[in-house]
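Novice: I am attaching a structure below and will ask some questions about it afterwards.
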Amino acid sequence: MEKIIALIDCDSFFVSCEQAENPDLKHKPVCVLSNNDACIVSRSKEAKQMGIPMGIPLFMAKQDFPDVIYISGRHEIYRNYSERVMKVIEKFCPQIQIYSIDEAFADITGLDKYFQTDYSGVAKLLQKEVKDKTDIPVSIGVSSSKTLAKYASDKSKNTDGIMVILDNYDDILKDIEISDIWGIGRNLSKKMTDLSMYTAKDITEKTDKWLSEKFGKNGVMLKYELLGKSMYPLEEEKPPQSIQDTSSLRKPTNDKNKLKSELNFHIHTACQRLRRFGGYCSSVEVMLKTKDFKYYVLKDKLDYPTNFELDISKVIYNLFEKIYTQDTVYRSTGIVLDDISYTTETQLSLFENNTQESSKIAKALDKINNKYGQNSIHAGFYKK
Ligand SMILES: [Mg+2]
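Using the working numbering, the first residue of the sequence shown is number 2, and each one after it goes up by one.
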């Protein structure tokens, strides 16, 4: 049976996260900056309309557009919003493939019957659900192949953020420019125009043999994708073997409590991810990088497999104490949850009787965070 695929893409993702955190920024020209505030990596609709190009250095932007609000990037926050958006999509759709921090493919086959509407109506419901639950606006493209769904989502940004390509392939193919097709970069685009191919229709009219000679197997696959025949099925997200969470400090520091609080944040983020996959880790690692780029890593085993913050933080803080010296200034922190296993809770409870208690608390944490927003609650630590 033909699959119906949606590509859900967050609009101006980093800016939208900042606007969700601080509603005063909504409807204003806002730009988020790359690491070290070097250049612009995300623009609000208003900033785009003013003509600020993507990727230009901050000092140039400030000269030409002094009235724009420029914000340093905060990637921990964007990662958390991403997880929340993906969770909403996962609940809504039978199968999803997370494609990047702000994009996911989803199988929405049959949801039209379920919601008693058409696929455009399904997309609208999903768009509203994401916005209501996370305050992040998304655009959704719907079609019967990933390539067309991606194209539809890109084009939908000019309108109300929803575009469906089903049954109307013929009309649309001649309007799709080669350079707008997913996966066609500058080189391939040039090669095609050199062969007098300008639109998707020009590709679909070629024979398989000709395409295969000129562009190999991928050329033929592309033709069928453009005809709405899915050649690239959704890939299941593989459960991770290890989970890493790291970040650079805004300002390098030797403040012990600040560093522990950073580690605590990493533990929380990583544990949530681990629980989402239903996994348990048996060893952990602490990573600290000093101001002059010396790198320290220490690893230790846990007493029993767990995915609970407090079980893990005890061991992490011990490792941290072994690395930390007061006269060293640190620039980044990180942790790894390692030796991950996927097994049942009852098996685990044989190891240690407090596992069940921990898993109850962990579930409650996730529930509260899902309902009231990321990090409305997380495990703390004693300041010493
Ligand atoms: Mg996006």
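Every residue, glycine too, gets a C-beta built ideally from N, C-alpha and C. All of these numbers come straight from a predicted model, not from anything done at the bench.
1. Kindly provide the ranges of any alpha helix (DSSP H) runs that are 4 or more residues long and lie completely inside the region 134 to 168, ordered along the chain.
2. If you follow the alpha helix (DSSP H) that R276 is part of, which residue opens it and which one closes it?
3. At the level of alpha carbons, what is the spacing between E346 and S314?
4. One question on the structure: do I163 and S121 come within less than 8 Å of each other, judged by their Cβ atoms?
5. Does the distance between the C-beta of C32 and the nearest non-hydrogen atom of ligand 1 fall short of 7 Å?
6. Tell me whether V337 sits in a helix, a strand or coil according to DSSP, three-state version.
7. Less than 7 Å between the CB of E84 and some heavy atom of ligand 1, yes or no?
8. Give me, in chain order, the residues of the same chain whose beta-carbon lies closer than 8 Å to that of E237; leave out the 5 immediate sequence neighbours on both sides.
9. Please determine, among N308, Y343 and L338, the residue with the shortest C-alpha to C-alpha distance to A363.
10. Quick check on the burial criterion: 16 or more other C-beta atoms within 10 angstroms. Buried or exposed for Q128?
11. Just checking my contact of F15 with V33 at CB under 8 Å: how many whole Å lie between their CB atoms?
12. DSSP state of Q245, grouped into three classes?
13. Indicate whether L8 and G111 have their beta-carbon atoms separated by less than 8 Å.
14. Looking at chain C, is there any beta carbon in it that lies within less than 8 Å of the beta carbon of L34?
15. Roughly how many angstroms lie between the CA atoms of I57 and R85, to the nearest whole one?
16. Can you tell me whether DSSP reads M193 as helix, strand or coil?
17. As a quick exercise: from Y115, T254 and D10, pick the residue whose alpha carbon is nearest that of I137.
18. Under 7 Å: does the beta carbon of C18 sit that close to some heavy atom of ligand 1?
19. Starting from E91, follow the beta strand (DSSP E) in both directions and report where the run begins and ends.
20. Relative to ligand 1, is the shortest distance from any of its heavy atoms to the C-beta of F14 smaller than 7 Å?
21. Helix, strand or coil for P67, going by three-state DSSP, please let me know.
22. H267: which of V337, G74 and K147 sits nearest, CA to CA?
23. Under three-state DSSP, which class holds Q348?
Specialist: The answer reads as follows:
1. 147 to 157
2. Position 275 of the sequence shown holds residue 276. Unbroken alpha helix (DSSP H) run through R276: K257 to R277.
3. Translated into the one-based positions of the sequence shown, residue 346 becomes position 345. Translated into the one-based positions of the sequence shown, residue 314 becomes position 313. With a pLDDT of 49 at E346, under the threshold of 50, the predicted position of this residue should be treated as unreliable, and no value is reported.
4. Position 162 of the sequence shown holds residue 163. Position 120 of the sequence shown holds residue 121. In contact: I163 and S121 (Cβ atoms closer than 8 Å).
5. Here residue 32 corresponds to residue number 31 of the sequence shown, with the count starting at 1. Checking every heavy atom of ligand 1 against the Cβ of C32, none is found closer than 7 Å.
6. As a first step, residue 337 must be located in the sequence shown, where it is residue number 336. Here V337 sits in strand by DSSP.
7. Within the sequence shown, residue 84 is the residue found at index 83, counting from 1. Outside the cutoff, so no.
8. Taking the first residue of the sequence shown as position 1, residue 237 is located at position 236. Q96 and Q98.
9. As a working note, residue 363 is residue 362 in the sequence shown. Closest option to A363, Cα to Cα, is N308.
10. As a first step, residue 128 is located in the sequence shown; it is residue number 127 there, counting from the start. Buried is the call here.
11. As a working mapping, residue 15 is identified with position 14 in the sequence shown. As a working mapping, residue 33 is identified with position 32 in the sequence shown. That pair is a contact at about 4 Å.
12. Within the sequence shown, numbered from 1, the residue matching residue 245 stands at position 244. Three-state result, Q245: strand.
13. Within the sequence shown, residue 8 is the residue found at index 7, counting from 1. Within the sequence shown, residue 111 is the residue found at index 110, counting from 1. No; because the gap between Cβ atoms is not below 8 Å, this pair is not in contact.
14. Going by chain labels, chain C is absent from the structure shown, which holds only one protein chain.
15. Here residue 57 refers to the residue found at position 56 when the sequence shown is read from its first residue. Here residue 85 refers to the residue found at position 84 when the sequence shown is read from its first residue. Spanning the two alpha carbons is a distance of roughly 30 Å.
16. Taking the first residue of the sequence shown as position 1, residue 193 is located at position 192. DSSP places M193 in helix when its eight states are reduced to three.
17. In the sequence shown, the residue the question calls residue 137 occupies position 136. If we check each option's Cα against that of I137, D10 comes out closest.
18. Residue numbering aside, residue 18 sits at position 17 when the sequence shown is read from its first letter. Incorrect: C18 has no Cβ contact closer than 7 Å to ligand 1.
19. Taking the first residue of the sequence shown as position 1, residue 91 is located at position 90. Careful: E91 lies outside any beta strand (DSSP E), inside the alpha helix (DSSP H) at H76 to F93.
20. Within the sequence shown, numbered from 1, the residue matching residue 14 stands at position 13. F14: yes, Cβ under 7 Å from ligand 1.
21. Here residue 67 is taken as the residue at index 66 of the sequence shown, counted from 1. The answer is coil: DSSP assigns P67 none of H, G, I, E or B.
22. As a first step, residue 267 must be located in the sequence shown, where it is residue number 266. Taking each of V337, G74 and K147 in turn and checking the Cα distance to H267, the smallest one comes out for V337.
23. Residue mapping note: residue 348 aligns to position 347 of the sequence shown, counting from 1. Low confidence applies here, because Q348 scores a pLDDT of 46, under 50, leaving its location unreliable; read the following figure in that light. Q348 falls in the helix class under three-state DSSP.
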